[in-house]
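Letter 255 of the sequence shown, counting from 1, is numbered 288 in the working numbering, and no numbers are missing.
Read the structure below first, then the notes.
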Amino acid sequence: MNPSTLIGMIGGIAMLAALLIFAAEDPALFINLPGLAIVLGGTLAATFISYPLREVVRVFGLLMTVLRNERLYIQRDMEELIRISRLWMQNDVRAVEEELARVRNPFLRTGVQLVIDLTPEQEILDLLRWRISRLRAREHAEAKLFRVMASFAPAFGMIGTLVGLINLMFILELGNLEIIGRHMAIALMTTFYGILLANLIFKPVAVKLERRTEQRIVLMNMVLQGISMMCEKRSPALMRETLGSFMAHYEDEIDEAQLPAMPAGVPSDDAGGAGKHRG
């Protein structure tokens, strides 16, 4: 399971447990199955109306994607690309094809195959960029589905509250404050369910899917750059440095103030230049 998802789930359950144990006079009041059915049923019904069936049924598969610890093998793909590029520079097409058969990244495999087929570089890059755009659009739509569900859930929670308040009106004449208070609490529970589902499940899943898409696009752009350099028969050493920048993590791209101090006697890059003007 994805570690961050697991931590979030444990934290959410702990928060609800603490709420029920320490902040509720009667924990049983927080269990309202009809209210939960209104929120979940209404949210799903509105989602089915808004989206085609094939997209809605993918919700469960996307939830599993968020739960499992999906790894992106950036280092592996980079090494495979550099190895293939080295063979390509040696004009060993047979070795390139044998190495390509062991590649597990279909995006990388497509790009290298087009290079072997002597497809013009611009056509290769256009095709790969189109595939990146298609992936971005598809996965953005998947994340947006959960954001739409997050907007539906509180609305149906309010509908459930209104239904409860309407029922409450019919018992006001009894004048029993205990019964009135209990029904008021039950009426407000649907709003509680709607807000909870929207902010603890639907929105976090959407954010997680969007972040996953960003990471996948970084990997695809790295492959795209490597294929371009392979077409131009750039040196494997230069390719390693270039592609390595896609995996590098910098605290700050424009300010070195947070970087560790350099050892004494080692000149800085801006010695005698911009460094003199920092005053």
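Backbone N, C-alpha and C fix where the C-beta goes; we use that ideal spot for every residue, glycine too.
Worksheet item: If you draw a straight line from the alpha carbon of P187 to that of S166, how long is it in whole angstroms?
Response: Against the sequence shown, residue 187 aligns to sequence position 154. Against the sequence shown, residue 166 aligns to sequence position 133. When rounded, the distance between both Cα atoms is 33 Å.
Discussion item. Measuring straight from C-alpha to C-alpha, what distance separates F189 and L158?
Written reply: The residue labelled residue 189 in the question sits at position 156 within the sequence shown. The residue labelled residue 158 in the question sits at position 125 within the sequence shown. Straight through space, the alpha carbons of L158 and F189 are spaced by roughly 47 Å.
Worksheet entry | Straight-line gap, F140 to L73 (C-alpha atoms, nearest Å) | Numbered from 1 along the sequence shown, position 107 holds the residue referred to as residue 140. Numbered from 1 along the sequence shown, position 40 holds the residue referred to as residue 73. If I take the Cα positions, the gap works out to 38 Å.
Discussion item. Report the CB separation of M34 from R101 in whole angstroms; it is logged as a contact under 8 Å.
Written reply: On the sequence shown, residue 34 is found 1 positions in, with the first residue counted as 1. On the sequence shown, residue 101 is found 68 positions in, with the first residue counted as 1. That pair is a contact at about 6 Å.
Item to complete: Inspect the CB distances between the stretch 59-78 and the stretch 213-226 and report whether three or more fall short of 8 Å.
Response: With the rule of 3 Cβ pairs closer than 8 Å, the stretch 59-78 counts as touching the stretch 213-226.
Worksheet item: Should the stretch 111-123 be regarded as contacting the stretch 260-278, the criterion being three or more beta carbon pairs within less than 8 Å?
Response: yes
Worksheet item: Where does the unbroken alpha helix (DSSP H) through Q248 begin, and where does it stop?
Response: For the purposes of this step, residue 248 is taken as the residue at position 215 of the sequence shown. Per DSSP, Q248 belongs to the alpha helix (DSSP H) from 236-264.
Discussion item. Quick test of the definition: if touching needs 3 or more C-beta pairs under 8 Å, does the stretch 167-178 touch the stretch 196-205?
Written reply: no
Worksheet item: Under the three-state reduction of DSSP, which class applies to I204: helix, strand or coil?
Response: Mapped onto the sequence shown, residue 204 falls at position 171. The three-state reading of DSSP puts I204 in coil, since its state is none of H, G, I, E or B.
Worksheet item: Leaving out the 5 sequence neighbours to the left and right, which residues in its chain are closer than 6 Å to K236 when beta-carbon positions are compared?
Response: Position 203 of the sequence shown holds residue 236. Here the set comprises A183.
Practice prompt. Ignoring anything shorter than 4 residues or poking outside the stretch 140-213, list the alpha helix (DSSP H) runs there in chain order.
Written response: Runs of the alpha helix (DSSP H) inside the stretch 140-213: 154-202.
Discussion item. Please classify I82 as buried or exposed, where buried requires at least 16 neighbouring CB atoms within 10 angstroms.
Written reply: Locating residue 82 in the sequence shown gives position 49, counting from the first residue. Burial call: exposed.
Fill in: Cβ pair I234, G75 closer than 8 Å
For the purposes of this step, residue 234 is identified with residue 201 of the sequence shown, where counting begins at 1. For the purposes of this step, residue 75 is identified with residue 42 of the sequence shown, where counting begins at 1. No; because the gap between Cβ atoms is not below 8 Å, this pair is not in contact.
Discussion item. Which residue wins for smallest C-alpha separation from N254, given the options A128, F279, I54, E265?
Written reply: Translated into positions along the sequence shown, residue 254 becomes position 221. When only C-alpha atoms are compared, the closest one is F279.
Worksheet item: DSSP state of Y283, grouped into three classes?
Response: As a first step, residue 283 is located in the sequence shown; it is residue number 250 there, counting from the start. Because the pLDDT of Y283 is 49, which lies under 50, any placement of that residue in the model is unreliable, and the number read from its coordinates should be weighed accordingly. DSSP places Y283 in coil when its eight states are reduced to three.
Worksheet item: Beta-carbon separation of M122 and K266 under 8 Å?
Response: On the sequence shown, residue 122 is found 89 positions in, with the first residue counted as 1. On the sequence shown, residue 266 is found 233 positions in, with the first residue counted as 1. Result yes, Cβ atoms of M122 and K266 sit closer than 8 Å.
Item to complete: Could you tell me the boundaries of the alpha helix (DSSP H) in which R116 lies?
Response: Reading the sequence shown from its first residue, position 83 is the one you call residue 116. That run of the alpha helix (DSSP H) goes 107-122.
Practice prompt. Spatial neighbours of R245 within its chain, please: CB distance less than 6 Å, with the 5 preceding and 5 following residues excluded, ordered by chain position.
Written response: Counting from 1 along the sequence shown, the entry for residue 245 is found at position 212. Cβ within range, chain order: n/a, list empty.
Item to complete: Put A61 into one of helix, strand or coil per three-state DSSP.
Response: For the purposes of this step, residue 61 is identified with residue 28 of the sequence shown, where counting begins at 1. Of the three classes helix, strand and coil, the one that applies to A61 here is helix, per DSSP.
Item to complete: Report the option in A79, L133, I40 whose CA atom is closest to the CA atom of V148.
Response: Position 115 of the sequence shown holds residue 148. That would be L133, whose Cα lies nearest to the Cα of V148.
Discussion item. If the criterion is Cβ atoms closer than 8 Å, does the pair A15 and E243 meet it?
Written reply: As shown, the chain starts at 34 and ends at 312. That puts residue 15 outside it, with no answer to give.
Worksheet item: Is the beta carbon of L161 sitting closer than 8 Å to the one on I260?
Response: Numbered from its first residue, the sequence shown carries residue 161 at position 128. Numbered from its first residue, the sequence shown carries residue 260 at position 227. Yes, the pair counts as a contact, with Cβ atoms nearer than the cut-off.
Fill in: Spatial distance of I250 from E58 (CA atoms)
As a first step, residue 250 must be located in the sequence shown, where it is residue number 217. As a first step, residue 58 must be located in the sequence shown, where it is residue number 25. In a straight line, the C-alpha of I250 is about 50 Å away from that of E58.
Worksheet entry | Residue range of the alpha helix (DSSP H) that includes V90 | Counting from one through the sequence shown, the residue named residue 90 turns up at place 57. Segment: none, V90 is in no alpha helix (DSSP H) and carries neither H nor E.
Worksheet item: At what residues does the alpha helix (DSSP H) containing A270 begin and finish?
Response: The residue labelled residue 270 in the question sits at position 237 within the sequence shown. That run of the alpha helix (DSSP H) goes 269-277.
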